[in-house]
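Worksheet: one structure, shown below.
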Amino acid sequence: MTTSQRRCAQVLNEALLGLFATREDVYLLGEDVLDPYGGAFKVTQGLSDRFPERVYTTPISEGGLFGVAAGMSLRGLRPILEIMFGDFIALGFDQIVNGISKFREMYDDQVTVPLVVRTPMGGRRGYGPTHSQSLEKLLLGVPNICVVAASECHDLGGLLVAAVEDDRPVFFIENKLLYGRPNRRPEDGLVGELECRETGTRYPALSFSGNGFAEASATIVTYGGMVPIVVEAATELVLEHEIFCEVVVLSQLLPMELEPVLESVARTGALVTVEEGTLTGGFGAEITARVQELAWNDLRRPVLRVAARDGIIPAARPLEEAMLPGATDVVDAVRAFEAVRS
Amino acid sequence: VSELATFYERMYFIRRFEETLLDLFAQGKLVGTTHTYIGQEANAVGVIANLERERDVIFSNHRCHGHYLAFTDDAFGLLCEVMGKAPGVCGGKGGSQHLCNGNFYSNGVLGSIVPVATGIGLAEKKKGTGAVSTVFLGDGTLGEGVTYESLNMASLWRLPVLFVVENNLYAQSTPIALELAGSIPARGAAFGIEIAELDTTDVLEVHEAAAQAVRRIRETGEPYFLVLHTYRFSPHSKGDDNRDPAEIEERRKRDPLLVGGRLDDGERRAIEDACERRLVETVEAAEAAPAAAPVAA
Chain A
20 MTTSQRRCAQ VLNEALLGLF ATREDVYLLG EDVLDPYGGA FKVTQGLSDR FPERVYTTPI
80 SEGGLFGVAA GMSLRGLRPI LEIMFGDFIA LGFDQIVNGI SKFREMYDDQ VTVPLVVRTP
140 MGGRRGYGPT HSQSLEKLLL GVPNICVVAA SECHDLGGLL VAAVEDDRPV FFIENKLLYG
200 RPNRRPEDGL VGELECRETG TRYPALSFSG NGFAEASATI VTYGGMVPIV VEAATELVLE
260 HEIFCEVVVL SQLLPMELEP VLESVARTGA LVTVEEGTLT GGFGAEITAR VQELAWNDLR
320 RPVLRVAARD GIIPAARPLE EAMLPGATDV VDAVRAFEAV RS
Chain B
2 VSELATFYER MYFIRRFEET LLDLFAQGKL VGTTHTYIGQ EANAVGVIAN LERERDVIFS
62 NHRCHGHYLA FTDDAFGLLC EVMGKAPGVC GGKGGSQHLC NGNFYSNGVL GSIVPVATGI
122 GLAEKKKGTG AVSTVFLGDG TLGEGVTYES LNMASLWRLP VLFVVENNLY AQSTPIALEL
182 AGSIPARGAA FGIEIAELDT TDVLEVHEAA AQAVRRIRET GEPYFLVLHT YRFSPHSKGD
242 DNRDPAEIEE RRKRDPLLVG GRLDDGERRA IEDACERRLV ETVEAAEAAP AAAPVAA
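Chains as they are written, first to last, in this note's numbering: chain A, 20 to 361; chain B, 2 to 298.
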């Protein structure tokens with residue numbers, strides 16, 4: 020298997036092993052992370068056998084663990100905290116809002132808090148209302164943290180290493196479906212049939228086009244676990260409807276990286292935001308607000324948001340499927356633009 | 002200079018510093034809030050005299066001025082911080098409850114600080130510094146669940162954390178009978194943590210008990226739970242006090258500053274005069290300092 024074909028969980032695992040081998044200050048804390056279990060999603064497998072002194076399996080105490088990781092990072096270590104399900108970050112919000120995100124600025128830059136919180140978000144596995152959410156939207160309103168979303172087309176190892184080397188607190192959002200999928204890196208500038216460009220930033224954004232970034236009908240901006248769904252939608256739009264879109268996949272959600280979006284919107288004049296989380300007050304809402312401020316003259320029509328319905332994620336698969344956004348929703352949103360145009 | 006004289010000077014200075022803050026508030030020279038340490042001085046001074054400023058770490062709470070002064074002796078930095086002046090120890094960004102100076106930290110959400118201090122203990126243990134991570138809690142903090150997560154982890158992972166519970170009998174305005182069930186020391190013991198409990202305002206006794214605690218932590222590398230029963234004479238914050246004045250008067254018979262009576266009169270007066278002079282100079286310097294100003298973006 021080439022690098023680009025390895026499964027995402029394995030790529031993340033190898034990055035962790037590499038980090039532990041090269042940096043003495045990296046620690047891992049999490050529930051059930053010891054071998055042979057190696058974490059609920061197996062991303063930490065092999066770490067505790069090789070680095071037993073730096074891997075802590077923990078009590079089920081997420082609120083406390085966020086604080087422990089904060090304390091370690093205040094004193095010069097670089098802890099990685101694995102939160103088994105993204106839903107459980109709710110237990111850490113006091114630490115996130117009143118400690119981790121504040122220490123550096125409120126202590127007048129006397130300290131840094133270089134910790135990484137890794138956690139899987141997302142549904143489509145039938146886990147039900149408290150084990151399926153995409154709660155990264157709650158982090159997007161917290162100043163002074165960095166939110167990074169991994170996608171199957173990103174250099175996952177590079178992203179994780181960058182997060183650990185970042186002096187800011189980084190929330191590294193993974194996705195449950197991502198783990199089992201191949202890490203589809205661009206080869207010769209292509210991912211499948213799509214041309215792919217990548218920014219040179221610390222947490223790069225990817226842009227995809229099916230027609231060489233020539234004129235297109237809309238820009239679709241997304242991240243994380245929605246990437247394969249959006250790519251499927253973009254492909255369907257070309258094949259079934261002869262509509263070309265550009266797809267921008269952000270990895271740095273906060274501070275929000277808008278340059279690649281604005282650049283694409285300048286070409287397409289229309290924007291659809293796509294996220295798996297619920298609609299209100301989310302990723303799309305923030306992007307929409309910013310893009311209309313900065314690119315009003317480029318926009319031919321209102322920005323549309325595709326997101327989950329504002330409600331719970333039911334356990335039964337047909338109910339869950341109806342709740343979460345799918346390729347059809349993305350196709351419909353783009354086609355709605357075309358309907359307006361014609 | 003005797004140990005008692007040194008401790009008396011520190012306690013007296015903390016007392017007068019806090020009274021001065023309340024005066025400055027009354028004069029409208031301070032805004033925001035403060036939580037004074039008046040009445041609890043023997044705890045900060047007695048405990049912290051056992052810690053090494055260059056090695057050990059303290060995480061304190063909203064009522065942090067006494068701990069800060071006992072550890073850093075930085076009255077000017079603290080007063081400027083509370084007054085919103087540029088030379089404040091956090092440039093005026095933190096204010097009264099959010100201090101950081103070297104190995105001293107404080108934060109304003111109860112309970113929030115306890116796991117952070119536990120993580121500091123873990124880091125120092127891993128770095129092999131031999132440091133003790135001390136965290137100051139109160140009876141009110143024992144209402145926060147994350148405190149117990151922290152006790153569990155500190156014991157489980159054998160971390161050099163000194164948990165100091167200053168039980169001043171009130172969580173803001175709520176008397177302990179309405180906020181706490183069961184026993185305070187049993188909370189530490191339940192996690193297999195060595196405990197000591199003291200009901201005294203005598204700084205020498207607090208010092209001795211804390212010395213034993215710090216010695217045990219340095220020997221074993223394991224946590225220690227020190228319960229200090231105490232009382233604050235001042236309101237929770239500035240003017241919010243509904244306690245029976247007679248209760249407060251009764252407690253004043255055990256004012257920690259009464260140990261000054263054990264000193265020679267001349268020595269005691271010299272200490273007090275020196276503190277008063279230092280305080281006046283500190284206030285003058287802080288008042289003359291420039292206000293914290295936003296940096297142009």
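Even glycine gets a Cβ: it sits at the ideal position worked out from N, Cα and C. The model shown is predicted, which means the values in this text are computed figures rather than measured ones.
Neighbourhood of A365(A) by C-beta, 7 Å cutoff - its chain only, sequence neighbours within 5 removed: Nothing about residue 365(A) can be reported from this structure: the residues present for chain A run from 20 to 361 only.
Pairwise C-alpha distance: N108(B) and Q98(B): Spanning the alpha carbons of Q98(B) and N108(B) requires a straight line of approximately 6 Å.
Cross-chain neighbours of N62(B) in chain A, by beta carbon under 8 Å: Within chain A, no C-beta atom comes nearer than 8 Å to that of N62(B); the closest sits roughly 12 Å away.
Beta bridge counterpart(s) of F190(A) as assigned by DSSP: V136(A), V166(A).
Run of the alpha helix (DSSP H) containing Q271(A), from where it starts to where it stops: For Q271(A), no alpha helix (DSSP H) segment is defined; the enclosing uninterrupted segment is the beta strand (DSSP E) at 271-273.
Sequence-distant residues of the same chain with beta carbon closer than 7 Å to V204(B), five excluded per side: These residues qualify, in order along the chain: F8, M12, A43, V46, G47, P257, V260.
Burial state of T220(A) (16 or more Cβ within 10 Å): Burial call: exposed.
Distance, L100(B) Cα to A289(B) Cα: In this model, A289(B) and L100(B) are separated by some 21 Å (Cα to Cα).
Rounded C-alpha distance that separates A155(B) from I115(A): Looking at the backbone, the Cα of A155(B) and that of I115(A) are separated by about 21 Å.
Expected contact under 8 Å - CB spacing of L96(A) and V74(A) to nearest Å: About 13 Å; that fails the 8 Å criterion.
Close-in-space but distant-in-sequence residues of the same chain around F122(A) (CB under 6 Å, 5 per side omitted): Correct list, in chain order: V130, V132.
Distance between G139(B) and F234(B) (C-alpha atoms, nearest Å): If I take the Cα positions, the gap works out to 15 Å.
Beta-bridge partners of N168(B), as assigned by DSSP: According to DSSP, N168(B) bridges with H230(B).
CB contact below 8 Å: L93(A) versus chain B: Using a Cβ-Cβ cut-off of 8 Å, L93(A) counts as an interface residue toward chain B, since at least one Cβ of chain B sits closer than that to its own.
Spatially closest choice to Y171(B) from R217(B), Y232(B), T130(B), by CA coordinates: Taking Y171(B) as reference, the option from R217(B), Y232(B), T130(B) with the minimal CA-CA separation is Y232(B).
Three-state class that DSSP yields for V58(B) in the structure shown: Correct three-state label for V58(B): strand.
Neighbour flag for P78(A) against chain B, beta carbons, 8 Å: It does; some Cβ of chain B falls within 8 Å.
Interface residues of chain B facing A113(A) [CB-CB closer than 7 Å]: Sequence inspection shows Asp at residue 113(A); the Ala mentioned does not correspond to that position. Contact annotation for D113(A) against chain B: V110, S113 [CB-CB distance below 7 Å, chain order].
R188(B): first and last residue of the uninterrupted alpha helix (DSSP H) it sits in: Here the alpha helix (DSSP H) through R188(B) covers 185-190.
Helix, strand or coil at L213(A) according to DSSP, with G and I counted as helix: Of the three classes helix, strand and coil, the one that applies to L213(A) here is strand, per DSSP.
Within chain B, the residues that A40(A) reaches when beta carbons sit closer than 8 Å: Under a criterion of Cβ atoms nearer than 8 Å, no residue of chain B is adjacent to A40(A); the nearest Cβ is some 17 Å distant.
DSSP three-state assignment for I332(A), whether helix, strand or coil: Note: I332(A) maps to coil in three-state DSSP.
Minimum Cβ-Cβ distance from L157(B) to chain E less than 8 Å: Chain labels in this structure do not include chain E; the protein chains are A and B.
Three-state secondary structure (DSSP) of N117(A): In the three-state reduction of the DSSP assignment, N117(A) falls in the helix class.
Contact set between the segment 129-142 of chain A and chain B, restricted to residues whose Cβ is under 9 Å from the partner: Within the segment 129-142 of chain A, the qualifying residues are Q129, V130.
Same chain, Cβ closer than 7 Å to G288(A), neighbours up to 5 away in sequence not counted: Taking C-beta separations shorter than 7 Å and ignoring five residues to either side along the sequence, the partners of G288(A) in its chain run D317, L318, R319, following chain order.
Simplified DSSP assignment, three categories, for Y106(B): Y106(B): strand per DSSP, three-state reduction.
Within 8 Å, strictly: CB atoms of K86(B) and A292(B): For K86(B) and A292(B), yes; Cβs fall inside 8 Å.
Backbone CA spacing between F105(B) and T41(A) [nearest angstrom]: F105(B) and T41(A) have their C-alpha atoms some 31 Å from each other.
is_contact[N117(A), chain B] using C-beta, thresh 8 Å: Interface residue, yes.
Assigned exposure category for M20(A) - 16 Cβ within 10 Å defines buried: With a pLDDT of 42 at M20(A), under the threshold of 50, the modelled position of this residue cannot be trusted, and the question is left open.
Per-residue contacts from A109(A) into chain B (C-beta, under 8 Å): The contacting residues do not exist; A109(A) stays about 13 Å from chain B at best.
Supposed contact pair F104(A) and P78(A) - C-beta distance, whole angstroms, cut 8 Å: The pair is not a contact, with the Cβ atoms about 16 Å apart (cut-off 8 Å).
Proximity of V215(B) and S134(B) at Cβ, strictly below 8 Å: The answer is no: Cβ separation not under 8 Å.
Three CB pairs or more closer than 8 Å across the segment 236-250 of chain A and the segment 292-300 of chain A: Segments in contact, yes.
With 16 other Cβ atoms within 10 Å as the buried cut-off, status of E10(B): Under this definition E10(B) is a buried residue.
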